[in-house]
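So the protein sequences, as listed, match chains A and B.
For the first sequence, our numbering assigns the number 7 to the initial residue and increments by one for each residue that follows.
For the second sequence, our numbering assigns the number 22 to the initial residue and increments by one for each residue that follows.
C-beta atoms are modelled at their ideal positions from N, C-alpha and C, and glycine is treated no differently.
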Amino acid sequence: MIEVSSLTKQFGETRAVDSVTFRVSPGEILGFLGPNGAGKTTTMRVITCYLRPTSGSVEVDGLDVVEDSLEVRKKIGYLPESAPLYLDMNVVDYLRFIAEIRRIPKTSMRGSVLNAIEVCGLGDVLQKLVGQLSSGYRQRLGLAQAILHDPEILILDEPTRGLDPNQIIEIRDLIRDLGRQKTVIFSTHILQEVQAVCKRVLIINQGKIAFDGSKEELAFGLTGKDRIFVEMRANGDALDVLRRLDHVDAVHVLGRDDGGVTRVHVEAPRGSGMRERIFATAVEQGWVLRELRRDTQTLEDVFRELTTSS
Amino acid sequence: MSNVMTIFKKEMRTYFTSPIAYVVLTIFLVFCGIFFSMPLFLNNQASMRGAFSIILYAFTLFVPAITMRLISEEKKSGTFELLATMPISDMQVILGKFLAAVTLLMIAVGLTGTYAITVSLLGEVDAGEIFSGYVGLALLGSAYVAIGICASSLTENQIVAFLLSLAVILFLTFIDKLVSFLPIGGASIFEYLGAEFHFRNIERGVLDTRDVVYYASLIFLGLYFSALALKRRF
Numbered sequence: 007m008i009e010v011s012s013l014t015k016q017f018g019e020t021r022a023v024d025s026v027t028f029r030v031s032p033g034e035i036l037g038f039l040g041p042n043g044a045g046k047t048t049t050m051r052v053i054t055c056y057l058r059p060t061s062g063s064v065e066v067d068g069l070d071v072v073e074d075s076l077e078v079r080k081k082i083g084y085l086p087e088s089a090p091l092y093l094d095m096n097v098v099d100y101l102r103f104i105a106e107i108r109r110i111p112k113t114s115m116r117g118s119v120l121n122a123i124e125v126c127g128l129g130d131v132l133q134k135l136v137g138q139l140s141s142g143y144r145q146r147l148g149l150a151q152a153i154l155h156d157p158e159i160l161i162l163d164e165p166t167r168g169l170d171p172n173q174i175i176e177i178r179d180l181i182r183d184l185g186r187q188k189t190v191i192f193s194t195h196i197l198q199e200v201q202a203v204c205k206r207v208l209i210i211n212q213g214k215i216a217f218d219g220s221k222e223e224l225a226f227g228l229t230g231k232d233r234i235f236v237e238m239r240a241n242g243d244a245l246d247v248l249r250r251l252d253h254v255d256a257v258h259v260l261g262r263d264d265g266g267v268t269r270v271h272v273e274a275p276r277g278s279g280m281r282e283r284i285f286a287t288a289v290e291q292g293w294v295l296r297e298l299r300r301d302t303q304t305l306e307d308v309f310r311e312l313t314t315s316s
Numbered sequence: 022m023s024n025v026m027t028i029f030k031k032e033m034r035t036y037f038t039s040p041i042a043y044v045v046l047t048i049f050l051v052f053c054g055i056f057f058s059m060p061l062f063l064n065n066q067a068s069m070r071g072a073f074s075i076i077l078y079a080f081t082l083f084v085p086a087i088t089m090r091l092i093s094e095e096k097k098s099g100t101f102e103l104l105a106t107m108p109i110s111d112m113q114v115i116l117g118k119f120l121a122a123v124t125l126l127m128i129a130v131g132l133t134g135t136y137a138i139t140v141s142l143l144g145e146v147d148a149g150e151i152f153s154g155y156v157g158l159a160l161l162g163s164a165y166v167a168i169g170i171c172a173s174s175l176t177e178n179q180i181v182a183f184l185l186s187l188a189v190i191l192f193l194t195f196i197d198k199l200v201s202f203l204p205i206g207g208a209s210i211f212e213y214l215g216a217e218f219h220f221r222n223i224e225r226g227v228l229d230t231r232d233v234v235y236y237a238s239l240i241f242l243g244l245y246f247s248a249l250a251l252k253r254r255f
């Protein structure tokens, strides 16, 4: 369990993280979203004991990151941004070096290294120098390094950065698998990633939490309104008829062509049965319905709303 | 302790799997060899005094060269963040690197033992003087390494680290040469600051606490300031 309470981190004049509070329960996969420079990396660096908080506190399994720094570090596997590695070592030597620093006992070291190699699919490049690996393999090696000591908590800073689409899918699957037994926080600025991998989403913007909830809530729950798209052939006063319907908050005209086809967005509170009402009205008025559907707000829309408004 | 050894082993491997150690050792030995053998037959003396001076001056370039990348490289490539989030303290990292550089330096100095053998073949040598000379070199070299590591921890740039430690080491090596230009009162202070002054004392076979304290405090300060520098993170 990770508990971040009113964490603030200041670099000179700039406040990179501004009294952020959240908690991650065991076995949860938390997607940490935000535009570049929002404070994701800084927050992760405090949790992993790289940076000290300016104020506020972070506890990992009840241990404070400042007071019990070395103990906290043992519990965490961390993949820093851009997966820094020793380029002059080969893959096996690198993992062995990490295993030694992690104090994995000699008897189980071989097993741990082999397991990490297998889980991360590094079998083909064991003897290669790290400096000769492609960015996809480097990312995987960084991940292998993070899971080597079988930590309870994984903190991954942009794990899919610099990968091609196939590799991204592989890494996502890997994170999902790891998340079955471990607590995972991973940061990204790619929204599909959150959709694909995690249940809970935390959006941070300008150092502050802009959203904390499930990804379904993120997609639907911000405004509590449905947007219904209607395309129909109708006479001129159709819009007024729509506007007069019960529960309709607004009707936005999206377009109208010469043949009398009109496209509109009808906004109404969720659960007001608006689509059926529109259909019934159309039948009554003799409009020809060409299309009727509920538009979900895309994550992109929500994200832009959350991160540009303030 | 085992954490220190892990870092130590890694640094030793880096030295000897890359060309660094071989290139630097070769240059060091060629440099010292030339300046050792040239005056040897002219002076017609079976002594290591000349050789020790040469090694001591060679350190001013050799030590910055073997210490410059130790920490600056980790900072630049981001691997320092990896180390800093491992269950290992900054001081253990610094000590491991310090021991590795000192070991490489001792290997270089050990290889100059061939000069001592050469000299002993040519005439009667003072074994005590040679022994205390090497003790002095070990102390002085370790102090310089601590300074080099400190410089390396202050910057991400290896060249800057090299120049910085070169400047400090040159200052310590040659400060006591300026003594003659100074009034009497200042002279003894500068003499005490000079690294070579203390080396000469030890070389003479007098293992005075003041000299040992001088080198020990340089080592302590160098490593302590390295740890302080590593605490500053962005």
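How long is the line joining the alpha carbons of residue i and residue j, rounded to whole angstroms?
i                      : j                      : result
residue 145 of chain A : residue 204 of chain A : 20 angstroms
residue 21 of chain A  : residue 213 of chain A : 7 angstroms
residue 185 of chain B : residue 224 of chain B : 28 angstroms
residue 144 of chain B : residue 66 of chain B  : 8 angstroms
residue 94 of chain A  : residue 231 of chain B : 42 angstroms
residue 79 of chain B  : residue 242 of chain B : 23 angstroms
residue 26 of chain B  : residue 120 of chain B : 9 angstroms
residue 49 of chain A  : residue 59 of chain A  : 9 angstroms
residue 316 of chain A : residue 53 of chain A  : For residue 316 of chain A, the predicted structure reports a pLDDT of 48, less than 50, and the residue's modelled location is therefore unreliable. A value from the coordinates is still provided. Near 26 angstroms, if we compare the C-alpha coordinates of residue 53 of chain A and residue 316 of chain A.
residue 167 of chain B : residue 234 of chain B : 15 angstroms
residue 38 of chain A  : residue 241 of chain A : 49 angstroms
residue 187 of chain B : residue 127 of chain B : 19 angstroms
residue 136 of chain A : residue 147 of chain A : 9 angstroms
residue 124 of chain B : residue 28 of chain B  : 13 angstroms
residue 248 of chain B : residue 313 of chain A : 39 angstroms
residue 140 of chain A : residue 192 of chain A : 22 angstroms
In the DSSP assignment, the alpha helix (DSSP H) including residue i goes from what residue to what residue?
i                      : result
residue 258 of chain A : Careful: residue 258 of chain A lies outside any alpha helix (DSSP H), inside the beta strand (DSSP E) at 256 to 262.
residue 137 of chain B : 134 to 143
residue 45 of chain B  : 41 to 64
residue 252 of chain A : Element bounds for residue 252 of chain A: n/a, residue is neither H nor E.
residue 107 of chain A : 97 to 107
residue 84 of chain B  : 70 to 98
residue 217 of chain B : 216 to 224
residue 285 of chain A : 280 to 291
residue 149 of chain A : 141 to 153
Using DSSP with H/G/I as helix, E/B as strand and the rest coil, what is residue i?
i                      : result
residue 59 of chain A  : coil
residue 272 of chain A : strand
residue 190 of chain B : helix
residue 15 of chain A  : strand
residue 211 of chain A : strand
residue 197 of chain B : helix
residue 54 of chain A  : coil
residue 26 of chain A  : strand
residue 9 of chain A   : strand
residue 316 of chain A : Residue confidence is low: residue 316 of chain A scores 48 on pLDDT, short of 50, so the model does not pin down where it sits. No coordinate-derived value is stated.
residue 149 of chain B : helix
residue 298 of chain A : strand
residue 267 of chain A : strand
residue 253 of chain B : coil
residue 248 of chain A : helix
Is residue i close to chain B? Criterion is C-beta to C-beta, closer than 9 angstroms.
i                      : result
residue 114 of chain A : no
residue 13 of chain A  : no
residue 28 of chain A  : no
residue 182 of chain A : no
residue 151 of chain A : yes
residue 60 of chain A  : no
residue 103 of chain A : yes
residue 90 of chain A  : yes
Could you give the residue range of the beta strand (DSSP E) that holds residue i?
i                     : result
residue 77 of chain A : Run containing residue 77 of chain A: none in the beta strand (DSSP E); it sits in the alpha helix (DSSP H), 75 to 81.
residue 88 of chain A : Unbroken run through residue 88 of chain A: none, as it is neither H nor E.
Against chain A, does residue i count as a neighbour if the rule is that its beta carbon must be under 9 angstroms from one of theirs?
i                      : result
residue 88 of chain B  : no
residue 174 of chain B : no
residue 70 of chain B  : no
residue 263 of chain B : Only positions 22 to 255 of chain B appear in this structure, which leaves residue 263 of chain B out of reach.
residue 254 of chain B : yes
residue 230 of chain B : no
residue 115 of chain B : no
With DSSP as the reference, please indicate the residues paired to residue i in a beta bridge.
i                      : result
residue 159 of chain A : A:82 and A:189
residue 232 of chain A : A:274
residue 219 of chain A : A:207
residue 194 of chain A : A:39
residue 238 of chain A : A:268 and A:295
residue 70 of chain A  : A:65
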